[in-house]
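Here the structure is laid out as structure tokens; the discussion comes afterwards.
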Amino acid sequence: MGEQLELAKKRLFDSDSLNTGNIKLFPGTDRDTTPEQIAEEINKAISQIEAGDSEIVDSFEE
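Given below as structure tokens:
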């Protein structure tokens with residue numbers, strides 16, 4: 000398994016970390032995206048959230 004994939008697995012599913020139970024990911028329009036590339040994006044997102052470099056978006060419109 001690739002380095003990014005292994006790191007994402009630990010960050011998402013380990014009980015010491017986020018302890019995520021069930022997630023769904025979609026590759027979007029780029030069907031050639033590799034699992035390693037998706038894992039890299041997950042790791043970037045988690046790092047940004049941990050650093051406070053994120054913003055809450057309300058996706059529900061009334």
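For the sequence shown, numbering that gives the first Met the number 0 begins at 0 and goes up steadily by one.
Every residue gets a Cβ at the ideal spot worked out from N, C-alpha and C, and that includes glycine.
According to the neighbour-count rule (16 or more other Cβ atoms, all chains shown, within 10 Å of its Cβ), is A7 buried or exposed? buried
Do the region 47-61 and the region 24-35 touch if we need at least three Cβ pairs shorter than 8 angstroms? no
Span separating the alpha-carbon of S16 from that of G51: Spanning the two alpha carbons is a distance of roughly 17 angstroms.
Using C-beta distances below 8 angstroms, list every residue in its chain close to D22, excluding the 5 sequence neighbours before and after it, in chain order. Inspection of the sequence shows that residue 22 is occupied by Ile rather than by Asp. Around I22: L11.
Pairwise C-alpha distance: E49 and T33: 25 angstroms
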